[in-house]
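Colleague: So the sequence shown is numbered by this note's numbering: it starts at 61 and just counts up by one.
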Amino acid sequence: MTELFNSKLCAVCKGRKLLCGRPTCPILERFRVARTVEGKLNKRHLFGSSPPSVFVGEYGYPKVRIGPLVPPIEGNTSHLDSPLKWEDKTIRDILYYRSLLVMGETRADVNVRKSGRILSEVQELAMSVKPVDSEIILKRKPVLKVLPSEFAPPIGPKAELLDFELTENPRIPRRTDYVVSDELKAEAAIMRLYNWGFDEYYIIRLLSAGLLGVDKKLVPTRWSITAVQDTIGKNLRREILRYPEINDYEVYFYRFLGNRYAVLLMPEGYAFELLEVWLKGSLFGSERPSVIHDYEDFRGRREYVKETAGAYHAARLSVLEALRKRRRQARAVVFREVTPEYYAPVGVWQIRLGVKKAMGNPIGRFETLNEALDAIKRRLEHPFEEYLRRSYILGSLARQKTLDEWLGRNLYRVEK
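Written as structure tokens, this is what we have:
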């Protein structure tokens with residue numbers, strides 16, 4: 061992987077020649093965003109409607125940074141922190157939304173029993189399903205950096221928090237009160253809320269704010285995203301293993317925020333694999349892009365995802381939800397190509413949504429694997445042979461004969 065910015069190249073380019081191959085300069089883009097909001101943020105005392113939103117950092121664990129995110133505007137601000145409402149937005153829109161959310165930052169022990177009044181206010185904010193009028197007093201004027209992350213949505217301006225107070229009663233569902241008050245393990249609480257129809261990003265917020273589980277603790281936002289998506293995914297996998305296999309090879313495809321997503325479903329027992337490439341000129345692309353991947357079979361994974369990290373759980377969950385809806389199981393391979401158009405990472409929510417949109421956009425059903433792979437190959441840019449060499453699921457077809465081959469069907473084979 062290359063560095064985010066090449067100082068020597070940037071010094072020559074100065075954002076005018078786009079020598080990095082990206083369609084826009086990510087450095088200048090951040091300055092443009094900063095200019096549009098700096099007038100609204102140039103103060104220590106802020107009053108506004110939190111979407112609601114909270115953030116928990118991971119550095120310094122078990123003493124972590126935590127704080128509410130409050131914009132300097134009132135009213136319905138839910139779109140500022142709701143990935144479910146961003147499917148038709150641009151990267152610049154998302155950077156702008158996040159730059160409006162000021163984080164009042166304070167240190168807290170992850171053990172919520174050691175917390176004080178401010179954390180109690182933050183927890184009430186986290187439980188709300190509607191924006192909450194809030195007031196924050198900062199030690200100094202917030203500094204706008206809009207730091208992008210491949211996991212959570214970008215973090216906007218922040219400053220040390222002196223005081224935080226909710227100025228209206230948050231709207232907290234009765235079922236949330238029940239789950240938070242009950243002695244439920246975190247997994248049981250997550251699945252109960254999910255099956256009741258609560259937005260997964262709401263569940264992530266509850267877990268992050270230390271509201272779920274028997275021994276309640278703050279969970280860094282990045283960890284809670286992966287934990288919730290992994291927990292739901294594991295439970296859905298156990299469920300779909302009871303369902304019959306699909307009948308044909310199926311291909312799905314969607315372009316989203318500079319990413320290409322292709323999904324292959326095969327009429328076999330459940331397994332899942334994510335193949336990912338950052339193309340040349342993309343944010344983390346190199347001169348010679350390589351395919352990274354992670355894989356599981358019906359038993360799941362016994363260790364943490366090594367290469368694709370949070371992207372794996374986000375993509376897997378979207379595929380599992382689609383299979384659960386059909387009451388079917390399949391062997392699934394997701395191809396993700398990141399193009400130069402994805403000039404700033406905005407979080408794994410875009411992978412979650414991109415694969416979900418792909419699962420709603422079928423390309424076709426095919427009798428043979430060869431035909432299905434040809435349909436995918438036409439829609440991807442990276443040399444397809446490199447995907448096949450790296451793939452555990454597709455590569456295994458080159459190493460073993462299947463019943464279909466003995467019967468004379470035309471299966472795609474990887475040349476050795």
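Ideal Cβ positions, reconstructed from N, Cα and C, are used throughout, including at glycine.
Since the structure is predicted, the reported quantities are computational estimates derived from the model, not experimental observations.
(1) Which residues mark the beginning and the end of the alpha helix (DSSP H) in which glycine 108 is found?
(2) So what's asparagine 171 in DSSP terms, helix, strand or just coil?
(3) Going along the chain, which unbroken runs of the alpha helix (DSSP H) with 4 or more residues stay wholly within the stretch 402-445?
(4) Given a cut-off of 8 Å, decide if threonine 137 and serine 109 are closer than it, judged by their beta-carbon atoms.
(5) Can you give me the start and stop residues for the beta strand (DSSP E) that lysine 23 sits inside?
(6) Here's the rule I'm using: 16 or more other beta-carbon atoms within 10 Å means buried, otherwise exposed. How should arginine 320 be labelled?
(7) Going by Cα to Cα distance, which pick from Leu185, Tyr402 and Glu333 is closest to leucine 266?
(8) Tell me the rounded alpha-carbon separation between isoleucine 300 and glycine 424.
(9) Rank Val351, Ile306, Arg315 and Ala418 by C-alpha distance to the C-alpha of glutamate 427 and give the top, closest one.
(10) Between lysine 340 and arginine 282, what straight-line distance do the alpha-carbon atoms span, to the nearest angstrom?
(11) Just verifying my parser: in three-state terms, what is the DSSP assignment at proline 128?
(12) Is the number of C-beta pairs between the stretch 369-383 and the stretch 284-295 that are closer than 8 Å three or more?
(13) Can you check whether the CB of glycine 127 is closer than 8 Å to the CB of leucine 222?
(14) Just to confirm before moving on: does the CB-CB distance between valine 288 and leucine 335 stay below 8 Å?
(15) With contact counted as at least three CB pairs below 8 Å, one residue from each stretch, are the stretch 145-158 and the stretch 185-202 in contact?
(16) Restricting to Cα atoms, I'd like to know which of Val130, Glu310 and Tyr403 is closest to histidine 32.
(17) Are there any heavy atoms of the ligand GDP lying less than 7 Å away from the beta-carbon of leucine 440, as far as the coordinates show?
(18) Helix or strand or just coil, what does DSSP make of alanine 322?
(19) Could you pull out every residue in the same chain whose Cβ sits closer than 6 Å to the Cβ of proline 132, ignoring the five residues on either side in sequence?
(20) Label aspartate 153 either buried or exposed according to how many other C-beta atoms from any shown protein chain fall within 10 Å of its C-beta, with 16 as the threshold for buried.
(21) Mind checking whether valine 337 and valine 398 have CB atoms under 8 Å apart?
(22) Is the CB-CB distance between glycine 270 and valine 172 below 8 Å?
(23) Just checking my contact of alanine 371 with leucine 278 at CB under 8 Å: how many whole Å lie between their CB atoms?
(24) On the premise that histidine 373 lies in contact with threonine 286, defined as a C-beta separation below 8 Å, what is that separation, rounded to the nearest angstrom?
(25) Rank Glu243, Trp256 and Pro217 by C-alpha distance to the C-alpha of arginine 235 and give the top, closest one.
(26) From glycine 360 to arginine 297, what does the alpha carbon distance come to, in whole angstroms?
(27) Given valine 182, which residues of its chain have a CB within under 8 Å of its CB, disregarding the five upstream and five downstream residues?
(28) When you compare only the Cα positions, how much space is there between arginine 386 and tyrosine 309?
(29) Using the C-alpha atoms, what's the distance from glutamate 147 back to tyrosine 119?
(30) What residues match up with aspartate 357 in a beta bridge as DSSP calls it?
(31) Quick one: Cα of serine 188 to Cα of glycine 273, how far?
(32) Pop quiz: phenylalanine 358 and alanine 331 are said to be a contact at Cβ under 8 Å. What is the actual Cβ separation, rounded to whole angstroms?
Modeller: Reading it off the structure:
(1) Not the alpha helix (DSSP H): glycine 108 falls in the beta strand (DSSP E), residues 105-110.
(2) strand
(3) 409-419 and 429-437
(4) yes
(5) Because the chain spans 61 through 476 in this model, residue 23 falls outside it and cannot be assessed.
(6) buried
(7) Leu185
(8) 22 Å
(9) Ile306
(10) 27 Å
(11) strand
(12) yes
(13) no
(14) no
(15) no
(16) This structure leaves residue 32 out entirely; the chain is present only between 61 and 476.
(17) In the structure on display, the ligand GDP does not appear, and there are no ligands present to speak of.
(18) strand
(19) Lys100, Leu106 and Gly108
(20) exposed
(21) yes
(22) yes
(23) Contact flag wrong, Cβ pair sits at about 24 Å.
(24) 6 Å
(25) Trp256
(26) 8 Å
(27) Val114, Ile126, Gly127, Pro128, Phe224 and Ala269
(28) 15 Å
(29) 31 Å
(30) Gly360
(31) 18 Å
(32) 7 Å
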